[in-house]
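In the working numbering, the protein residues as written are 22 to 565.
From the three backbone atoms N, C-alpha and C, an ideal C-beta is built for every residue, glycine too.
All figures in this text were calculated on a predicted structure; none of them were measured in a lab.
Below is the structure:
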């Protein structure tokens, strides 16, 4: 219904418009996550006045038509009622609710999109339904139910209702992660066979793992027979108590016996979920107490197994060798187009082996390398550095060889990778070799025999120093050398710096990883690649 009011000439031009954020700027300071209105909706330039009053004011002063609806007027009235209820909550309590204090209303959601209007329409509707169960009369009074009421108007009035009753209720939106269904492929016999195979791992010294695996296998067998234990399957990923974090302590974690060593990068740390009861209370190191009761997803293995493969080609030009690799395992996660069910996919790929393994193999084929230390000697050497934590790439290098000479010919090699026992660490301003346990024991005995009132020579203390930081591993023909810092931790990087002499206090970064260094060195044709005119080194690094 449109009708005339004042005998005035309507304004001929539209007012300047703006978007939602600008319209709300004077009245709402927090960032918007979602809205009933998309970015295409325009508003007239904002003011800090209530929009109903602003519309009436502009219509009156600028001679502009005005549109009103029952919803607009009723929401204004309902907001006034809400203010009254909040200000007189205790006086009106038993006219509105039947409980003392505040009651928690929880709306659970297994999927969420905070930017989606549909999501919030449903959430507010669920809260409104819960409030109707608690206070039917005030719910039906305050919620818009006119012929003009659309989704937006209804939701707005429901939020006004929630505001009115906020002294009686706490509103909780519980974003609950969960898996709607799980499909087990195969037959019960397959799952029984899997359990049988898992039990055989005990013969390889994995009793500590098998005792956790078999109960899980039993649940697979049970579910495959049509008798799934829902409580067990709900705990597959992580418990409800820690939703929202990036930690995992569901039983799926027990399929992974080892996790990544944060110091070396190797997967040689026993999974901490085996060290405590995940259902233990917080003070026992359980699910709420952090390690050893949970793990982070980025510490798990990659799910890929990689095997180097040497491809020997006999051609008219002669014998050629290429470094390939077979990589197999979990390639990714697929999705059903009909059910949207997710399925981890197994597969394999063949590819050029350009990683560290391939480069080490190439180095052995093209240059003189020393055989690796015998196993016992290697383990003893590694144990010496265990507190310092040599990076996984360095350990892999020395498990493959005990040093190498690149581009030496009959003279001094351009790069001499030192034998493991010749690695030197920087202590104050000196580069020191890590002494053997026998040498340290002898030096400690010497200290005990010395007059403790006198000064202990520096060379004695240096022998007992523990490695920390920069380590010299590769000598250059001109007297310079390369060093890595085993205390550096930045993802998979292992920066390598060029130090021009033993007295230098700084080095220049010439590689980000051991793999990058070997690739560049093997391709350099003799002269150190970082001494070539076209090479630009990285940042200058203090050797402190």
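Reduced DSSP secondary structure (H/G/I, E/B, other) of residue i
{"i": "residue 320", "result": "helix"}
{"i": "residue 144", "result": "helix"}
{"i": "residue 196", "result": "strand"}
{"i": "residue 365", "result": "strand"}
{"i": "residue 521", "result": "coil"}
{"i": "residue 567", "result": "Lying outside 22 to 565, the shown extent of the chain, residue 567 is not represented and no answer is given."}
{"i": "residue 406", "result": "coil"}
{"i": "residue 391", "result": "coil"}
{"i": "residue 203", "result": "coil"}
{"i": "residue 597", "result": "Here the chain has residues from 22 to 565 only, and residue 597 is not among them."}
{"i": "residue 180", "result": "helix"}
{"i": "residue 71", "result": "coil"}
{"i": "residue 220", "result": "helix"}
{"i": "residue 329", "result": "strand"}
{"i": "residue 108", "result": "helix"}
{"i": "residue 553", "result": "coil"}
{"i": "residue 350", "result": "strand"}
{"i": "residue 397", "result": "helix"}
{"i": "residue 81", "result": "helix"}
{"i": "residue 584", "result": "The structure shown does not extend to residue 584, since the chain spans only 22 to 565, so no value can be given for it."}
{"i": "residue 191", "result": "strand"}
{"i": "residue 103", "result": "helix"}
{"i": "residue 46", "result": "coil"}
{"i": "residue 532", "result": "strand"}
{"i": "residue 233", "result": "helix"}
Between the CA atoms of residue j and residue i - distance to the nearest angstrom
{"i": "residue 329", "j": "residue 494", "result": "26 Å"}
{"i": "residue 381", "j": "residue 415", "result": "11 Å"}
{"i": "residue 203", "j": "residue 35", "result": "58 Å"}
{"i": "residue 570", "j": "residue 104", "result": "This structure does not reach residue 570, given that the chain is present from 22 up to 565, and the question cannot be answered."}
{"i": "residue 273", "j": "residue 129", "result": "24 Å"}
{"i": "residue 282", "j": "residue 288", "result": "6 Å"}
{"i": "residue 95", "j": "residue 201", "result": "41 Å"}
{"i": "residue 561", "j": "residue 321", "result": "34 Å"}
{"i": "residue 403", "j": "residue 396", "result": "10 Å"}
{"i": "residue 270", "j": "residue 256", "result": "9 Å"}
{"i": "residue 33", "j": "residue 126", "result": "51 Å"}
{"i": "residue 63", "j": "residue 44", "result": "9 Å"}
{"i": "residue 315", "j": "residue 268", "result": "6 Å"}
{"i": "residue 440", "j": "residue 348", "result": "31 Å"}
{"i": "residue 351", "j": "residue 325", "result": "6 Å"}
{"i": "residue 141", "j": "residue 108", "result": "27 Å"}
{"i": "residue 280", "j": "residue 292", "result": "6 Å"}
{"i": "residue 79", "j": "residue 61", "result": "23 Å"}
{"i": "residue 491", "j": "residue 331", "result": "35 Å"}
{"i": "residue 133", "j": "residue 318", "result": "22 Å"}
{"i": "residue 232", "j": "residue 242", "result": "16 Å"}
{"i": "residue 365", "j": "residue 206", "result": "12 Å"}
{"i": "residue 72", "j": "residue 559", "result": "58 Å"}
{"i": "residue 515", "j": "residue 505", "result": "7 Å"}
For residue i: DSSP bridge partner residues
{"i": "residue 386", "result": "Residue 386 pairs with nothing; no bridge assigned."}
{"i": "residue 98", "result": "According to DSSP, which records beta bridges pairwise, residue 98 is partnered with nothing at all."}
{"i": "residue 491", "result": "506"}
{"i": "residue 373", "result": "345"}
{"i": "residue 356", "result": "363"}
{"i": "residue 33", "result": "BP columns for residue 33 are empty, so no partner."}
{"i": "residue 563", "result": "527"}
{"i": "residue 27", "result": "Bridge partners of residue 27: none, in fact."}
{"i": "residue 425", "result": "390 and 438"}
{"i": "residue 496", "result": "437 and 502"}
{"i": "residue 38", "result": "65"}
{"i": "residue 336", "result": "339"}
{"i": "residue 279", "result": "291"}
{"i": "residue 446", "result": "453 and 492"}
{"i": "residue 269", "result": "316"}
Cβ of residue i within 8 Å of any chain D Cβ
{"i": "residue 385", "result": "Here chain D cannot be found, since the structure has a single protein chain."}
Runs of beta strand (DSSP E) wholly within the stretch 116 to 140 (minimum 3 residues, chain order): With a minimum length of 3 residues, the continuous beta strand (DSSP E) runs that stay inside the stretch 116 to 140 are 124 to 130.
The stretch 196 to 210 in contact with the stretch 105 to 116 per 3-pair CB rule at 8 Å: The stretch 196 to 210, when compared against the stretch 105 to 116, does not touch it at the 8 Å Cβ threshold.
At least three beta-carbon pairs within less than 8 Å, the stretch 166 to 183 to the stretch 230 to 238: In short, these stretches do not touch, since the Cβ pair count stays below three.
Contact the stretch 176 to 189 vs the stretch 93 to 112: 3+ CB pairs below 8 Å: Touching, yes.
The stretch 387 to 395 touching the stretch 367 to 375, judged by at least three CB pairs closer than 8 Å: The answer is no - the stretch 367 to 375 does not touch the stretch 387 to 395, with fewer than three Cβ pairs under 8 Å.
Given 8 Å, three or more beta-carbon pairs between the stretch 148 to 162 and the stretch 210 to 219: Counting Cβ pairs under 8 Å, fewer than three are found: no touch.
Inter-stretch contact at 8 Å, needing at least 3 Cβ pairs: the stretch 414 to 430 / the stretch 533 to 542: Flag = yes, the stretch 414 to 430 and the stretch 533 to 542 touch.
Segment contact, 8 Å Cβ cut-off, at least three pairs: the stretch 541 to 551 with the stretch 422 to 436: Short answer: they touch.
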